[in-house]
Each structure stands twice: as C-alpha cells, then as structure tokens.
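First residue of the sequence shown: 3, per this note's numbering; consecutive thereafter.
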Amino acid sequence: HHRQICFQKNQSCWVIRDVITGYGEHSFALCLQFAPTKIQSATNRIFCSTENGTGLGVLFQGTQGRIEQSTGWYSPSYGQKSESKTMKYVGEFTTLCEVITIIRPLVASSCYNEQWVNETECIGHEVYSKLVKWCEELS
3 HHRQICFQKN QSCWVIRDVI TGYGEHSFAL CLQFAPTKIQ SATNRIFCST ENGTGLGVLF
63 QGTQGRIEQS TGWYSPSYGQ KSESKTMKYV GEFTTLCEVI TIIRPLVASS CYNEQWVNET
123 ECIGHEVYSK LVKWCEELS
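Written out as structure tokens, the structure reads:
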C-alpha cells in the first residue's frame, strides 16, 4: 500500500492517492471517522455538516467501490466517549487498486447536495485537470 497526500492551497482541498497492489482477489476499505454531525452519502460522495452549515465534502474516484456506514466512537474530551458514524469506501480488486480521495471544506450550502455530481463542480475544472496530471506523473 502506497499513500500520497497533497494539499491544494488555492482550492483548500486535500487530495489523497491510495495505490494497493496484490495477486489474486482482495478487498479494501478506506475509513473516515466523524464527530457527531449530519452525514449524507451518495455513490462516491460523503457530505457532513454542522448546525451552522459548515462541513466537508468527500469525493472518491478510481477503483469502483461503495460507501458503507458503521458505528464508531468520538471522544469530545478526556474520559468521555460518544457514539458516532464511521463511513467506509469499500470494494474489491485483483492486482491493482487506485483510489483518489478529495476532501474539501464546504461553507453553508455550497455543494452540499446531489448537485455535486462530478469531481469538477466543487474543485473546479482547472484543479481537477492538474490533479489528474499529477496522479499520472506519480504512476
């Protein structure tokens, strides 16, 4: 497993590239633990928001997968433990798995719905093109 992380300062987004290789059939799970927030998910996207409307948008691209939800734990302070959601992007692969995860802060209702149809809407076409080029160069 190889992981590369890049912060795109001009777009305020994190880009994480995971590459997993192996022989035969394998499964993968990329897990994200959230503090108690409102969470919605679609095929390859997760949106979480706080009461004031700020939040995160998470987009997965690459090897086909699906989003699953499970129960996890959140500790707001020492000695306290509260139940929270864990979101996982899971899938199966043979030989090679590559997943690009884009994490971007969202303000108020920006992109916090099904309008975030593809990767270029929230991060912009220019940034997405650079990310694709960057990932190709890393391959």
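Idealized CB from N, CA, C, for every residue including glycine.
7 Å Cβ cutoff met for residue 102 and residue 19: In the sequence shown, residue 102 corresponds to position 100, counting from 1. In the sequence shown, residue 19 corresponds to position 17, counting from 1. Going by C-beta atoms, residue 102 is nearer than 7 Å to residue 19.
In chain order, each beta strand (DSSP E) run of at least 3 residues that lies wholly inside the segment 8-81: 15-35, 40-43, 47-51, 57-64 and 68-76
Integer Cβ distance of residue 28 from residue 94, believed to fall under 8 Å: For the purposes of this step, residue 28 is identified with residue 26 of the sequence shown, where counting begins at 1. For the purposes of this step, residue 94 is identified with residue 92 of the sequence shown, where counting begins at 1. Right, the Cβ-Cβ distance comes to about 7 Å (below 8 Å), so this counts as a contact.
Given residue 48 as reference, the closest of 68, 30 and 54 once Cα atoms are compared: Taking the first residue of the sequence shown as 1, we reach residue 48 at position 46. Considering only alpha carbons, the answer is 68.
Beta-bridge partners of residue 83, as assigned by DSSP: Here residue 83 refers to the residue found at position 81 when the sequence shown is read from its first residue. DSSP lists no partner for residue 83.
Pick from 82, 99 and 108 that is closest to residue 22, judged by C-alpha positions: Numbered from 1 along the sequence shown, position 20 holds the residue referred to as residue 22. It is 99 whose Cα lies nearest to the Cα of residue 22.
Segment contact, 8 Å Cβ cut-off, at least three pairs: the segment 32-42 with the segment 72-90: yes
DSSP three-state assignment for residue 3, whether helix, strand or coil: Counting from one through the sequence shown, the residue named residue 3 turns up at place 1. Coil.
Residue 81 burial status per 10 Å Cβ neighbour count (16 or more: buried): Residue 81 sits at position 79 when you count from the first residue of the sequence shown. By the neighbour-count rule (16 or more Cβ atoms within 10 Å), residue 81 is not buried but exposed.
Residue from 41, 92 and 54 with nearest C-alpha to residue 31: Within the sequence shown, the letter at position 29 stands for residue 31. When each option's Cα is compared against that of residue 31, the closest is 92.
Residues of its chain near residue 76, where Cβ-Cβ distance is below 7 Å and the 5 sequence neighbours each way are ignored: As a position in the sequence shown, residue 76 is number 74, starting the count at 1. Around residue 76: 37, 38, 84 and 86.
Contact under 7 Å by Cβ, residue 64 with residue 108: As a working note, residue 64 is residue 62 in the sequence shown. As a working note, residue 108 is residue 106 in the sequence shown. No; because the gap between Cβ atoms is not below 7 Å, this pair is not in contact.
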